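To keep things clear, I will list the structure first and then write my remarks on it.
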Amino acid sequence: MLDNVYTDNLVSEDVYDCEGVSSCENGTQEIENTMKLLTRVDLDLVHSSEKLVNLHVPLMHLLAWETDVQAMALEINSISEIFDLLSGFLDSEVKEVDNFINTLQLEIVDERHKISSCTHLKELFTVLEDKLHDSEESLKQSHEQVLVVKMQSVKLQSTISTFKHEDCKLYPVMNLPCFELPSVGTPG
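Quick note: the sequence shown uses my numbering, first residue 5, plus one each step.
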């Protein structure tokens, strides 16, 4: 009966068993709106997941540079500037994805509230509840990925701050001037 829950022409036998015509139409409209929202949420989740995967590229570069302290000591200006730029970019993008995921979560909660009045559309209601639950699980996984990237970013910021501070102490020994570089990745 419901092979594709994302179609615009939703027809369920339960729709015709309603006692009042207006409640059937309102219920069907809510179901259609929920289906459209779920389609959009699924696409947005794919977009967010892809963005998180793409953010792992600069994160991996940052993690690799973090472990190569000697190279940073020799090329502190260029690597430090790139590190700060990538860190700032990473933080900004992660914040954007996190806000987006939070917005999607609010939309799912709102939609669940809207369809709660459509329990008389038994099978369709159950399918939608399952889809909403699946979307919430996907959002939860995306949020966990965001938290991991945030934690790694904080660790990287701490490392570069410590390194810059310690590196300034080493510059007189190495006969190099100590420059305080502006930090793009940290507020301030």
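Heads up, the beta-carbon is just placed ideally off N, CA and C, and yes, glycines get one too. Being a predicted model, the structure only gives us computed values, none of them experimental.
Which of the three DSSP states is assigned to C28 in this structure?
Residue 28 sits at position 24 when you count from the first residue of the sequence shown. For C28, the predicted structure reports a pLDDT of 47, less than 50, and the residue's modelled location is therefore unreliable. A value from the coordinates is still provided. Correct three-state label for C28: helix.
Closer than 6 Å by C-beta to I164: which residues in its own chain qualify, once you throw out the five before and the five after it? Chain order, please.
Against the sequence shown, residue 164 aligns to sequence position 160. Non-local C-beta neighbours of I164 in its own chain, meaning closer than 6 Å and more than five positions away in sequence, comprise F87, ordered along the chain.
For D134, tell me which candidate among E115, E85, V150 has the shortest Cα-Cα distance.
As a first step, residue 134 must be located in the sequence shown, where it is residue number 130. Closest by alpha carbon: E115.
If you measure between the beta carbons of H147 and I105, is that distance less than 7 Å?
Within the sequence shown, the letter at position 143 stands for residue 147. Within the sequence shown, the letter at position 101 stands for residue 105. Result yes, Cβ atoms of H147 and I105 sit closer than 7 Å.
Reference E34, options V57, P62, S120, closest by Cα
Numbered from its first residue, the sequence shown carries residue 34 at position 30. Ranking the options by Cα distance to E34, first place goes to S120.
Three or more beta-carbon pairs under 8 Å between the segment 147-162 and the segment 53-68, yes or no?
Touching, yes.
Using the beta-carbon count (16 or more within 10 Å), is T123 buried or exposed?
Numbered from 1 along the sequence shown, position 119 holds the residue referred to as residue 123. Note on T123: under 16 other CB atoms within 10 angstroms of its CB, so exposed under the neighbour-count rule.
Neighbour-count burial assignment, V50, 16 or more Cβ in a 10 Å radius
Position 46 of the sequence shown, counted from the first residue, corresponds to residue 50. Burial call: exposed.
Straight-line gap, L128 to E85 (C-alpha atoms, nearest Å):
For this step, residue 128 is matched to residue 124 along the sequence shown. For this step, residue 85 is matched to residue 81 along the sequence shown. L128 and E85: Cα-Cα distance of roughly 55 Å.
Quick check on DSSP: helix, strand or coil for L63?
Within the sequence shown, numbered from 1, the residue matching residue 63 stands at position 59. The answer is helix: DSSP assigns L63 an H, G or I state.
In three-state DSSP terms, what is L125?
By one-based count along the sequence shown, residue 125 stands at place 121. DSSP places L125 in coil when its eight states are reduced to three.
Of all the beta strand (DSSP E) runs that stay within the bounds of the segment 88-141, which reach a length of 3 or more residues?
Whole beta strand (DSSP E) segments, 3+ residues: zero.
Going by the CB atoms, is the gap between T38 and L143 shorter than 7 Å?
Against the sequence shown, residue 143 aligns to sequence position 139. Against the sequence shown, residue 38 aligns to sequence position 34. No, Cβ-Cβ distance for L143 and T38 is not below 7 Å.
Please look up how many angstroms separate the CB atoms of K55 and E97, rounded, as I've assumed it's under 8 Å.
Residue numbering aside, residue 55 sits at position 51 when the sequence shown is read from its first letter. Residue numbering aside, residue 97 sits at position 93 when the sequence shown is read from its first letter. That pair is a contact at about 7 Å.
Spatial neighbours of K118 within its chain, please: CB distance less than 6 Å, with the 5 preceding and 5 following residues excluded, ordered by chain position.
What you label residue 118 is simply residue 114 of the sequence shown in a count that begins at 1. E34.
Residue of E141, L94, L42, W69 minimising C-alpha distance to V57
Here residue 57 corresponds to residue number 53 of the sequence shown, with the count starting at 1. When the alpha-carbon of V57 is set against those of E141, L94, L42, W69, the nearest one is in L94.
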